[in-house]
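Take the sequence shown: its position 206, counted from the start at 1, is 250 in my numbering, and no numbers get skipped. Data first, discussion second: the structure below is written as structure tokens.
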Amino acid sequence: MIDSHMHINSYFNNTYDIYKVNSNERIEKVINVGLDIKTSKEITAMAISNDKMYTSIGIHPLYIKENQPEDLFSLVNDKVVAVGEIGLDNTEDNFIKQREYLITQIFIANMLCLPVIIHSKNSNEEIINIFKNVVKPKYGCVFHCFQPDIDTMAYLIANGYYISFAGPITYKTAKKSLEIVKEVPKELFLVETDSPYMTPEPHRDELNNSNNLKYIISKISEIKGISFDEVEEITTENAKKLFKKMI
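Here it is in structure tokens:
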């Protein structure tokens, strides 16, 4: 299994959670995802000494106030496999600034020949408009913890971009997301925990961790009517295709 999106430095005790990742033989790799320059710097340092760990560096739309996209260039090393998470979040009123940061970071990803990891909070249409009219990721893209939207799904599939499924697909309220699970081609979906957030059932009230990836894979297996092992293999290979620096 590859956990394509998690936040190890958001844990209260990340030493223990690193141990849980390293001790689980079925977890082949994890991608720690940055939220700002500080967290991106922390996880790139952690990954250097951990064979299972890779990183994505970026400035989340909720963390743009005290961060400059240009600072990402100094963080690139062999374990950095993507730029993200970047995107738009409609819970804030600085949408114009968010848009500027997203556009800049897509340009940076293209300069670095890296894919992007997209955060979209009720903003799918606005992000797709940027892809169509301003700049689009040249080296791949994944919408993480995808908010169900048929039109966006169709655009992503048509462009060979990926959709990532997390804990919410195991919730009773996930009817729309399960329709997306059914429709997304096997070659274009990933799995993630977004840990320590988005904990799947049956552990929803607990802190999430990469070991819970099995519940997400199991739900996809059920919905698509294929075996757990096949979903595990498909998503592992898809992650390696998107994040080409991961070895």
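Backbone N, C-alpha and C define an ideal beta-carbon position, used for all residues, glycine too.
Out of the options, point me to the one whose CA is closest to residue i's CA.
i, options, result
"methionine 50", "Glu69, Ser67, Thr83 and Arg70", "Thr83"
"glutamine 191", "Ile103, Leu257 and Ser167", "Ser167"
"serine 63", "Lys96, Glu144 and Ser54", "Note that residue 63 corresponds to tyrosine in the displayed sequence, not to serine. Selected option, being the one with the closest Cα: Lys96."
"asparagine 203", "Pro181, Ile213 and His188", "Pro181"
"lysine 176", "Ile150, Asp133, Lys165 and Ile194", "Ile150"
"tyrosine 165", "His188, Thr59, Asn154 and Arg70", "Going by the sequence as given, residue 165 is lysine instead of tyrosine. The option with the nearest alpha carbon to lysine 165 is His188."
"isoleucine 261", "Thr88, Asn138, Val225 and Glu86", "Val225"
"tyrosine 107", "Ile171, Ile201, Asp193 and Leu146", "Leu146"
"asparagine 272", "Arg70, Asn53, Lys219 and Ile52", "A quick correction: the sequence has phenylalanine, not asparagine, at residue 272. Of the listed residues, the one whose Cα sits closest to phenylalanine 272 is Arg70."
"threonine 214", "Ala198, Val228, Lys258 and Ile194", "Lys258"
"methionine 197", "Asn134, Ser221, Gly211 and Val179", "Ser221"
"aspartate 249", "Glu231, Pro212, Lys285 and Lys219", "Pro212"
"lysine 85", "Val65, Thr243, Asn111 and Asp61", "Asn111"
"glutamate 277", "Lys73, Ile101 and Leu132", "Lys73"
"methionine 155", "Phe117, Ile130, Leu132 and Asp122", "Phe117"
"threonine 99", "Ile140, Asp47, Thr59 and Leu232", "Asp47"
"isoleucine 101", "Thr59, Ser67, Pro229 and Pro159", "Pro159"
Taking the C-alpha atoms as reference points, what is the distance between residue i and residue j?
i, j, result
"lysine 216", "glutamate 245", "9 angstroms"
"histidine 104", "aspartate 115", "14 angstroms"
"serine 208", "cysteine 157", "21 angstroms"
"threonine 280", "leucine 234", "8 angstroms"
"valine 77", "glycine 269", "31 angstroms"
"proline 8", "lysine 109", "This structure cannot settle anything about residue 8, because the visible part of the chain is limited to 45 through 291."
"asparagine 300", "asparagine 173", "The chain is shown only over 45 to 291; residue 300 falls outside these bounds and no answer can be derived."
"glycine 128", "isoleucine 161", "5 angstroms"
"methionine 290", "methionine 45", "13 angstroms"
"alanine 153", "arginine 143", "15 angstroms"
"threonine 237", "asparagine 255", "9 angstroms"
"glutamate 266", "asparagine 282", "19 angstroms"
"aspartate 80", "isoleucine 201", "29 angstroms"
"isoleucine 140", "isoleucine 52", "30 angstroms"
Name the DSSP beta bridge partners of residue i, please?
i, result
"leucine 234", "Ser208"
"aspartate 133", "Lys165"
"alanine 126", "Ser100"
"isoleucine 46", "Lys73"
Compute every distance between the C-beta of residue i and the non-hydrogen atoms of the ligand GDP, then say whether any falls below 7 angstroms.
i, result
"isoleucine 62", "Absent from the structure shown: the ligand GDP. Ligands present: none."
Inset, instruction - Let me know the beta strand (DSSP E) ranges lying completely inside the segment 59-123, each 3 residues or longer, listed in chain order. - result: Taking only runs of at least 3 residues, the beta strand (DSSP E) segments lying wholly in the segment 59-123 are 73-77 and 97-101.
Inset, instruction - Report the residue ranges of all alpha helix (DSSP H) runs contained in full by the segment 153-228; include only those spanning at least 4 residues, in chain order. - result: With a minimum length of 4 residues, the continuous alpha helix (DSSP H) runs that stay inside the segment 153-228 are 168-177, 194-202 and 219-227.
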